[in-house]
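Protein chains in written order, with the working numbering: chain W, 56 to 443; chain R, 56 to 443.
For every residue, glycine included, the Cβ atom is placed at its ideal position computed from N, Cα and C.
Accompanying notes for the structure given below.
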């Protein structure tokens, strides 16, 4: 099994891109990543996209985007696992290079939610729930996140405002990131008073749907130094699932897929969670972050929320274990199928020391974790800087 | 790079499965394949599905199906390339085993088109065209196939009835296959008089949308003999793309993606197209078969249609190079995202000598080719029997 490295990255700003198509967004990010790697083409293109069929009446994005990039001919297809689609596209690229089947791979996540009207827009995120048992009864992903959060609050005797640190941290980091969607700061105290979307999940808790594309280039690690001045090693890669529905889990407050995929990826990298220099977690809702921290063993059961306390010392850019360093889904925005690739691109910039105002000093290892549904799919990648 | 073998197969009949859900169909095929391999579980599950979001308002099928199979926990996600979704799921499983990242993989294609009403049903297949330039103007996949066929007929001076041999052959083989959807025979002469769908593509030319699931188990070839009495080697695996839209191709009558993926897969297998014992081609429309035969160099440009002549001697089960031996998409039916897995399962049965009434005597090598759109994605796998 060949070692795999990231040798180029690119992304568009995360916005409501009203005037740009899914192909245009993908093309921009793809070109940036290829240019960053000093390549004109790649041997394969794997696309992460969650809701193209629903939002954009578009499948076969592999062929579409390869064509838009002038690369028609190369191997290409899409990978999907709800909001974890970007993560599983990265996993597929990793497998292809690790197998030696191809040399260079462009991994590209893209989503275009804006300019979609009617039912498609209202229901799109809910197609990642169970259509026959949940969606048909009117459930949405945010509604189910509300149930999960309520259960946590009751079982662990936690108040709503105690989750605020995650959102405050995300916006503090996003405010420094020119590519982030919402760059406003959140004042302490405002989280608990925000308008409710699906109680107790509020507007300042749920990450915004957004448009954007992010891309990275993979190559065999032993050839990466010829391609990039600062290649980053994909030291661990793992995907795990849990039941699609919360109701089928013996313990809905335990994210088994997160535990399993993180343990596998860290084991491959020869690291413990505590060794990491930063975490890009899937903060689609604050409850996801709290439960992910617990499932990875970084905090005790019922105390994941506490990581965001004490003025954010622990999770801020200068803290013990910085979290969502470019703003996370909450502030940078959540272009669903692209999110997992954004996370990996941001972690790569950190490990290259090119994160600018968002730099975590001396970052050498990072974990990027992308979730589908409410922990139904968990994709964990561990990245590490390659010593020069 | 590890050699990869198929150690188990399973499938449901192809039907209008009005009373069965996408999860139920998948579960049945998955269980059959695992049982056939003598396994209780697999390390990973890759799902081929084309239109779940459109037809069934369902994404994250990886998590859903892993859960339905009692395998929640394992790595799983979906792969999509329009009607070539099953083929790219097989490709992903091949990469995972070839890399040594996992040992056993369940590859499962599933589609459920029946019991879908309204716009979703009418437009689903068209989401594999370009939404912004084709679908928005009312084009459907069948309409575009009609344009392509007309262009072929004019350029090569071929009459409609001259394509009939492909459909006659498909139905002759499908009539022997209990899992096929349409088991009627087509009489010579009826093809040219069939009701038109999108002239010149008729009802007896276009393969029917259908429901079904097919699955296979992959394992490293060097361990396959311990798992299966008759493992089949995946001797070649390749994916290639062409532009999504016909209008962007310099020569729409040349299927560049077919040529490229077939050449790569055959080269990996150390075979020439003429060495093959049977072909499972993507006969969604007869024009696709004619153009695929030409692109693979099996016939001259403009004479692919002639392969189906002379009472089908060349392509029948007892012919020189049997085609679509279980009825192909036309007679077995086209459960879109499952089709590529059906093809591989059928080819495997041939190479195991377990094809029953559809057996090609002495078959040792087979090529299975799955197309997305009108040749926008081409996935080619070459399979070969492993000598005992």
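Cβ pair residue i, residue j closer than 8 Å
i: residue 360 of chain W; j: residue 259 of chain W; result: no
i: residue 255 of chain R; j: residue 199 of chain R; result: no
i: residue 269 of chain R; j: residue 56 of chain R; result: no
i: residue 149 of chain W; j: residue 292 of chain W; result: yes
i: residue 113 of chain R; j: residue 182 of chain W; result: yes
i: residue 159 of chain W; j: residue 98 of chain W; result: yes
i: residue 130 of chain R; j: residue 391 of chain R; result: no
i: residue 235 of chain R; j: residue 381 of chain R; result: yes
i: residue 328 of chain R; j: residue 300 of chain R; result: no
i: residue 297 of chain W; j: residue 439 of chain W; result: no
i: residue 376 of chain R; j: residue 333 of chain R; result: yes
i: residue 275 of chain W; j: residue 437 of chain W; result: no
i: residue 162 of chain R; j: residue 396 of chain R; result: yes
i: residue 421 of chain W; j: residue 335 of chain W; result: yes
i: residue 128 of chain R; j: residue 115 of chain W; result: no
i: residue 154 of chain R; j: residue 154 of chain W; result: yes
Own chain residues within Cβ distance below 7 Å of residue i, not counting five before or after
i: residue 224 of chain R; result: 363, 367, 370, 371, 378 and 379
i: residue 92 of chain W; result: 62, 63, 272, 282 and 283
i: residue 338 of chain R; result: 221, 225, 262, 344, 379, 383, 384 and 385
i: residue 400 of chain W; result: 64, 66, 269 and 271
i: residue 75 of chain W; result: none
i: residue 250 of chain R; result: 257 and 258
i: residue 197 of chain R; result: 252, 253, 256 and 261
Contact set between residue i and chain R, taken where Cβ atoms lie within less than 7 Å
i: residue 189 of chain W; result: Within chain R, no residue comes near residue 189 of chain W; the closest Cβ sits about 10 Å away, beyond 7 Å.
i: residue 121 of chain W; result: 296
i: residue 264 of chain W; result: None at all; the shortest Cβ gap to chain R is about 15 Å.
i: residue 182 of chain W; result: 108, 112, 113 and 114
i: residue 303 of chain W; result: 122
Chain R contact for residue i (CB, 8 Å cutoff)
i: residue 56 of chain W; result: yes
i: residue 115 of chain W; result: yes
i: residue 213 of chain W; result: no
i: residue 147 of chain W; result: yes
i: residue 299 of chain W; result: yes
i: residue 155 of chain W; result: yes
i: residue 150 of chain W; result: yes
Bridge partners - residue i, DSSP secondary structure assignment
i: residue 303 of chain W; result: BP columns for residue 303 of chain W are empty, so no partner.
i: residue 438 of chain W; result: W/289 and W/421
i: residue 134 of chain R; result: W/134 and R/103
i: residue 70 of chain W; result: W/266
i: residue 275 of chain W; result: W/59
i: residue 389 of chain R; result: R/264
Chain-ordered neighbours of residue i on chain R, where CB pairs are closer than 8 Å
i: residue 395 of chain W; result: Within 8 Å Cβ-Cβ: nothing; residue 395 of chain W doesn't reach chain R, min ~11 Å.
i: residue 428 of chain W; result: 115 and 118
Cutoff 6 Å; reference residue i; Cβ partners in own chain excluding five residues on either side
i: residue 171 of chain R; result: 110
i: residue 285 of chain R; result: 407
i: residue 317 of chain R; result: 351 and 435
i: residue 215 of chain R; result: 247 and 255
i: residue 50 of chain R; result: Since the displayed chain R opens at 56 and closes at 443, residue 50 of chain R lies outside it and no answer follows.
Contact set between residue i and chain W, taken where Cβ atoms lie within less than 8 Å
i: residue 291 of chain R; result: Per Cβ cutoff of 8 Å: no residues; residue 291 of chain R is ~11 Å from chain W at best.
i: residue 105 of chain R; result: 114
i: residue 76 of chain R; result: 187
Cutoff 8 Å: residue i Cβ touching any chain W Cβ
i: residue 340 of chain R; result: no
i: residue 134 of chain R; result: yes
i: residue 207 of chain R; result: no
i: residue 60 of chain R; result: no
i: residue 143 of chain R; result: yes
i: residue 161 of chain R; result: no
i: residue 137 of chain R; result: yes
i: residue 432 of chain R; result: yes
Own chain partners of residue i with C-beta closer than 8 Å, once the 5 adjacent residues on each side are dropped
i: residue 232 of chain R; result: 238, 381, 382, 386, 387, 412 and 413
i: residue 419 of chain W; result: 332, 406, 439 and 440
i: residue 120 of chain W; result: 78, 81, 82, 85, 100, 102, 131, 163 and 165
i: residue 206 of chain R; result: 307 and 308
i: residue 322 of chain W; result: 291
Contact list for residue i against chain R, beta-carbon separation under 9 Å
i: residue 294 of chain W; result: 99, 117, 129, 130, 131 and 132
i: residue 324 of chain W; result: Near residue 324 of chain W there are no residues of chain R at all, since even the closest Cβ is about 14 Å away, more than 9 Å.
Chain-ordered chain W contacts of residue i [CB-CB under 7 Å]
i: residue 398 of chain R; result: Per Cβ cutoff of 7 Å: no residues; residue 398 of chain R is ~16 Å from chain W at best.
i: residue 281 of chain R; result: Going along chain W, no residue has its Cβ under 7 Å from residue 281 of chain R, so there is no contact; the nearest lies around 21 Å.
i: residue 185 of chain R; result: 119
The ligand ADP heavy atom lying under 7 Å from the CB of residue i
i: residue 317 of chain R; result: Although the ligand ADP was asked about, the structure shown includes no ligands whatsoever.
Below 7 Å between beta carbons is the criterion; list the residues of the stretch 310-336 of chain W that meet it against any residue of chain A, in chain order. No chain A appears in this structure, whose protein chains are W and R.
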